[in-house]
Amino acid sequence: MNFTLCANPCATHWRLALTAFVLAGGGLSDTVYGSTVRTENIILQQTATGRVTDLQGNPLEGVSVKVKGSQLSTVTDAQGRFSLANVPQGATLEVSSIGFTSIEIAAGVNLAIQLADQMSVLEEVVIIPYGTTTRATYTGSVAQIGSEAIDKRPLTNVANALVGAAPGIQSSVASGSPGATPEVRIRGFGSISAGNDALYVVDGVPFDGNISSLNPDDIESISVLKDAATTALYGSRGSNGVIMITTKKGKAGRNSLNFKATGGIVERGLPEYDRVNAQQYYPLAWEIYRNTLHYGSAGIPLDIANSIASGLTNEYDGDDYEGIYDLLGYNPFNVAPDAIVDVNGNLNPNAALLYADDLDWADQAAQGGKSRQNYQLSYDGGNDKSNFFGSLGYTEEQGYLIKSSLQRFNARVNVGAQPVSWFNTGLNVSGTYTRTKPENTGGTSFINPFYISRFIAPIYPVHLHDPATGEYVLDANGNRQYDFGDGRPFAGGRHTIFENLNDDQLQILGALGARAFAEVKFTPWLKFRSNIAFDLDDRHSRTYDNPTLGDGAPSARAYQNFYRRTSYTFNNGLEYENRFGRHHLTALALHEVYAYKYNNLSGSRSGIIVEGITELPNFANVLGVSSVEDNVKIESYLARVNYDFDQKYVLSASIRRDGNSRFHPDFRWANFWSVGGAWNIEKENFFEASWVDYLKLRVSYGSVGNDSGLGEYPYQALYTLGRNNAGEPGFVQASLPNDSLTWETAYAFDLGLEFSAFKGRLNGAVEFFNRETGGLIFPVPQQLAHGGTYNGSHHFEIDMNIGNLYNRGVEVQLNGQVVKGDNFSYTAALNWTTFKNRITRMPDLQPLLINGNKAYSEGHSIYDFYMREFYGVDPETGDALYLTDRLSNNARIIGQDTVTNQYNEANLRYTGDSSIPDFYGSMNHTFAYKNISLGVQFTYQVGGKVYDGAYASLMHGATYGTALHTDILNRWRQPGDVTDVPRLDNGNQTNQSGASTRFLTSASYFQLNSVVLSYNLPKSWLGRFKADRASIYLSGENLALLSARSGMNVSGSFDGSVGNDYTFSRIFSAGINLSF
Amino acid sequence: MNKLIKYSLLGAALFTTMVSCEKDFLQTAPTDQVNTDDAFSTTANIWAALNGVHRTMYSQIFGRQAQGGQSGNMMYMDVLGEDVVFSSAANSWFRSEYRWISHRDATSDIVKYNYLFYFMIIGNVNMILANVDAAEGPDDDKAILKGQSLVYRAWSYFQMVQLYGKRYEAGGDNSGLAVPLVTQPTSEIKPRASVEEVYAQINADLDAAMQYLEGYSRANKSHFDLNIAKGIKARVALTQQNWALAAQMAHEAREGYPLMSHDEYLSGFNDYGNREWMWASHIQSDQTNYFYSFFAYMSNNYNSTAIRTNPKLIFSVLYDRISPTDIRKQLWDPTGENEAEFPTPPNGARFPYYSRKFSVADPGMSIGDVPYMRGAEMYLIEAEALARSGQDGDAAAVLYELASNRDPEYTLSSNTGAALIEEIMFQRRAELWGEGFRFYDLKRTNSPLDRTGGNHNGSYTNGVFEVPVGDIRWEFLIPQDEINNTNGVVVQNPI
């Protein structure tokens, strides 16, 4: 008897279990039945042996081989071999494995059995909430990713396996920070202000921890649930889709030990923007300054302005002026400061750089460890009473940025036991310990190396140099010293590299997860199951800011922060399954409670006493001490019924009632439900296309809720404590009430056609989805005059359920085995998604809500750009011109357009652009030749726009000492110039380079995400290692990105924004897998 | 297998499956916040709501480094004037304000801060005013809470009306738009009220507050008592050119606040214990204001980038006019070489006209108290109001009290008329340098900006040396967010 325990109640296994239960006669008639068999076999027994491989000839391990009509069974070993004694003469063997088509074959010796792989989707086990089902009887839409898609890629974070995995899954490319999690959106964007993140479910239970604490090598499969028929069972948390992660478990009948080691190198994956060099920069800065003097408020005649800018004139009309050198503060050339740029704006032809090798800040910031290594040891095994899986893993990734690293230790034990036939239990415990050095990236902080290295002008050296000779100025120990640059107009007195090297940050994360269940079978068709899950997630952060330079100066400061997240889910349910002839019915009724608790304790002090010690008592002054606890609770009742007739007609329905602490008692409870149906057409007698293996039409409809991203107490009117006035206790207004706030509710419709043809060589699915979200929560911004808070959103916003939107689209997935030969095969998988996102109802009082460079209104998507429209450059003045809707003193009419040179007069408007692409998808190609295989994954998106804010900041001269994009070489210079780059002007940034359509850029891209080349070592080589199987492989991640502009991080977000972020890494890795 | 076991298990299972949680299982509340109902249940709690507003006066606003509560407004007002001078091109904080660019950009920080900061205070005190009567507690407390709240509301509107509206002209047309008038908690969208209406509300609030605060003895200088209400009333009256009232209120307000000694004058302007200080916040180390401190921009000795690379100087034209025997002359170093008396942070740049008016007591911490109202200002208001109403002799006498304290050699002014007014305005500039009055003074006196003839550098001012009276740039733009959030009910100033 062979069956496996799993952390979820598994429908397929129920069937096995039921069979076993019946055969065993309730556990009492075992000997009687057994003796009967033995009697028969005294004369007729034989031993059946053989080897099971896939169609490529790779041995299949863990395949069940069972004598038909008997309980005799075994599983294949790592070489795919099996041996089964006492098989009756003339018996038939049933050979089956999850993910493969089962076959029956006459018993014999040295059988060579080939199983067709998961192209035969019919039998595929599908993991769904609170259970499993098979592809044929599933009425919803799911994408499954198996461990084989994960284990050879150098993924520190398992969520990276979702990138490009299936249609309907849109993902950002994760940042280069080791262990970073990519953003994932399933079937569009269902919410404006609540969250759009999918719900992560690990081993059957919603997971509140950090996805990066999961060990990718522990993952058996990831199921992405896209439709309401399935996600409705997660009720108020299911509307953004559900990502179900299932960890590995032991298989009965085998024992194996696996070892894996990989090592690799990490480098910056995205180049920096194309920027001008020092020789180009100085004359441009001169021109910016000259234009400012001449065209700006000073109105200085051109020739005098030229002379002032060159540093040759320092007084005009009684007022003092400086030359460009004084404004930039640095002269990187070997000529006098007033001889760098002449009065015609040309660089001195004799000017040579003094320290040309020390001007690249991006390069010097990218001096991290740049390596990755990963070791995994796992073992598993089992028999008919119990099974186990254990793993140990160590991952170390050092990013390309200085002091950016992650070290992670993982361990997991998953055991299952069925001591008696009616009782089944299991425990899955995992622990993770992670040490990371977080980075100061994102935003415009002076310590963000990406911000500073991108924008610092190419004339400022990283280190101190003798201004005359250009030689490095060395300290007493002969080391180079960093140039703090007090004289720099940009980032003066700060040094991102020095500060990042001398400040310290450390995060220690501990995560503990436990899932346990117990199952009692009362009758063959009824069982009770109890699940309890507990997750604990601790983070201890320490920060030390040095006293020499930066935010910690002059006396140094230290922070410590400790938080703990705990959550538990406890549910109890009755499960029913029975067959009546060809009717098959399953049902589930369950009660669940969920509780989440967050605690945070932090303290900070300044004024270091003894150097080198960063514990808080070593600092003189208390800066702050604080703590907080937050709680969220959900209570639920749910029920589900599934019915199928001979797997031909399938019906399913579910209902869940949720109560949620986030909402006012009067609006706390709501019902979510779904119905679904499927029709396996190929099973119909009238269906005669024999080349079609599988053809299923399915449809589902249901309601799901969304409570994410709302905070813990969004309905309550609150005052923030701790705003004391010196020693007097104080609090301030924090939020306004809305008692009627409740979930957003999405009604999702899904219609899909799944097919498989030519013996599985071509299969795929076409799906239509329509998710209409109602009660959309809008943070309706209140008039500023009604007050606000000095942090957060500043002015008050009240979350209100007013508004509707839909996401409607089509997904196509095609998998084909294009070439199938004895030695060579080529498989391609293509996926493609298009969807339309539309707001269909807005608040009556707020028909248009502006949010940054977007706006929400009916008939538009949530990511439609709403901004000023750039018209062009006035050839006479070099002024930037914008479209406006009114004629004023500054405006005029050109052709059909009213244009103005006053940015504030130009009206905001929909520009017809959106960050949502026309379509997106991925391509996976797998080539196999004998023992070698090559897998290549591309992702793409076509259409949509990005507002390239980083580029915009490189395209103006409003700050002396900041870098310029090479496109600025096309600027307007004199009357008559026809160009689209306005006149450079330091005092006129808003008008000349304010945010407008000028910086909208195509968001189309094509990215080479992953390449894996692997080689299975021939058997003959393995003997000496006593190994069963060994493979070596090479892989690369994020190898190339083609987009409209070099340097633009187009795949980093969904809303079409570009920041100064830790751009993605390229990772090359080599590894070896050994199985014993 | 015992059927009894199975059936009892089944019974237990059915029970566990169907049982629900306790009723309050789903009731959660925050631990670092308090519900509004509780916040206003007693006068003791409402005191905390008022102290929260006092704290706002020195809290970082909207996460911006330049906006450390009220001191942000003070620095913006001086940077827009002529008496604070930028020393270099380094460090960008306040640079575009110095160039008169930002307050004419509807999306800039300065525009939003000066609007929402004051409306945030008004929002909080409106909640107090709306709820205090229903709270449990002594009537005396309620009166004080109302009085202080009304002073806050009046003062906040006064700060804003001067920026977003046109200058008040006594007897003139003051129907131009100022800011919306919100006097109770509401969600109703309000259009901008006129300058006249806003001043009427300010005066009504102050008059009511003075009734409530009669006889109140405050715990410390962060609170409003009758003197402070009168001091603010004096400012308002001066701005409305109501000279008699301004002189009277200023005179009454300064009672009990004698002028400081010369030693105190040179002690760094960082301690609200100073006897001359009337109204100020006190900042303690566990409420530190980091780099958003006033002293991170205006002191001589705190180690911030702004102080190290671009310390703010005094306008040489003003400095040169100060008498050598005046203690105030010692606040600035005309040579830029006086290392002994004018310490800089390590590696700090040094410039002529370097200031030491403001300095931190402990160079390792940015904290220091900031004066919002001092006795000297009341002398100056009284003298100016008397002079402008033609009472030259009385005006000179009041001025003498202040000026002779600062300069022992000072003799009673024999100036009259415009010359006397001019002398008082000079004394005001010298006395209140860096304390946030200059833009307001220029606007209320209808004076042009004139930065010529001194140490302003055209490269740093972007050529902005002069701004004539009547220029539209004297009005701040309304924040774009306000126009957006009200769907245009709030309209923009002329561009």
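First to last, the protein sequences are chains Z and P. Per my numbering, the very first residue in the first sequence carries number 384; after that it's consecutive. Per my numbering, the very first residue in the second sequence carries number 328; after that it's consecutive. Glycine included, C-beta positions come from ideal geometry on N, C-alpha and C. Nothing here was measured: the structure is a model prediction, and the numbers come from that model.
CA-to-CA distance, residue j to residue i, given in whole angstroms
i, j, result
"N1107(Z)", "V818(P)", "36 Å"
"G409(Z)", "T1125(Z)", "Its pLDDT being 33, under 50, G409(Z) is placed unreliably by the model, and the measurement read from it follows with that caveat. Their backbone Cα atoms lie some 50 Å apart in a straight line."
"P673(P)", "R948(Z)", "44 Å"
"R1330(Z)", "I388(P)", "According to the sequence shown, residue 1330(Z) is Tyr rather than Arg. Approximately 28 Å between the Cα atoms of the pair."
"L538(Z)", "V649(Z)", "12 Å"
"A481(P)", "A546(P)", "22 Å"
"D768(P)", "I691(Z)", "34 Å"
"F771(Z)", "V509(Z)", "22 Å"
"P1134(Z)", "N1220(Z)", "The sequence shown places Leu at residue 1134(Z), not Pro. If I take the Cα positions, the gap works out to 18 Å."
"L443(Z)", "V478(Z)", "11 Å"
"V1011(Z)", "A356(P)", "11 Å"
"L710(Z)", "S786(P)", "8 Å"
"T1260(Z)", "T1283(Z)", "13 Å"
"T1294(Z)", "L1034(Z)", "46 Å"
"Y543(P)", "L377(P)", "15 Å"
"R701(P)", "A1341(Z)", "39 Å"
"K517(P)", "A535(P)", "24 Å"
"W420(P)", "V659(Z)", "26 Å"
"N955(Z)", "L1021(Z)", "10 Å"
"M587(P)", "E603(P)", "6 Å"
"A1413(Z)", "K632(Z)", "21 Å"
Minimum C-alpha distance to residue i - residue among the options
i, options, result
"E1067(Z)", "F1050(Z), Q1030(Z), G1105(Z)", "Q1030(Z)"
"N823(Z)", "D921(Z), N641(Z), D1444(Z)", "D1444(Z)"
"I1222(Z)", "Y855(Z), I1185(Z), L1197(Z)", "I1185(Z)"
"S716(P)", "V406(P), Y526(P), A573(P), A339(P)", "A573(P)"
"T358(P)", "Y656(Z), Y951(Z), L932(Z), L1104(Z)", "L1104(Z)"
"V478(P)", "Q354(P), T636(P), I555(P), N458(P)", "I555(P)"
"Q497(Z)", "D534(Z), E507(Z), S485(Z), G491(Z)", "S485(Z)"
Chain-order list of residues whose beta-carbon lies under 7 Å from that of residue i (same chain, five-residue window excluded)
i, result
"M705(P)", "G558, A561, A577, A580, R581"
"K1313(Z)", "N1206"
Proximal residues to residue i (C-beta, below 6 Å), its chain only, five neighbours per side dropped
i, result
"R818(Z)", "Q790, I891"
"Y946(Z)", "R922, N983"
"T613(Z)", "I511, G523"
"A916(Z)", "V588, R898, T952"
"N641(Z)", "S761, S1458"
DSSP beta-bridge partners of residue i
i, result
"M1183(Z)", "F1161(Z)"
"N1220(Z)", "N1190(Z)"
Beta-carbon contacts of residue i that lie in its chain and below 8 Å, excluding the five residues immediately before and after
i, result
"Q1390(Z)", "V556, F1321, T1322, Y1323, N1421, A1423, L1424, L1425, S1434"
"E325(P)", "Only positions 328 to 822 of chain P appear in the structure, and residue 325(P) is not among them; the question remains open."
"G663(P)", "R677, F678, P679, Y680, Y681"
Residue i: CB within 7 Å of a non-hydrogen atom of the ligand ATP
i, result
"Y959(Z)", "This structure lacks the ligand ATP, and indeed carries no ligand of any kind."
Taking the runs of the alpha helix (DSSP H) that are 4 residues or longer, which of them lie wholly in the stretch 1313–1384 of chain Z? Every alpha helix (DSSP H) of 4 residues or more that sits fully in the stretch 1313–1384 of chain Z is shown, in chain order, as 1332–1336, 1372–1376.
At 4 residues or longer, and completely inside the stretch 401–428 of chain P: list those alpha helix (DSSP H) runs for me, N to C. DSSP runs (the alpha helix (DSSP H)) wholly in the stretch 401–428 of chain P: 422–425.
Start-end ranges of the beta strand (DSSP E) lying completely within the stretch 791–844 of chain Z, minimum 3 residues: Annotation note: the stretch 791–844 of chain Z contains the following uninterrupted beta strand (DSSP E) runs of length 3 or greater, listed N- to C-terminal: 806–820.
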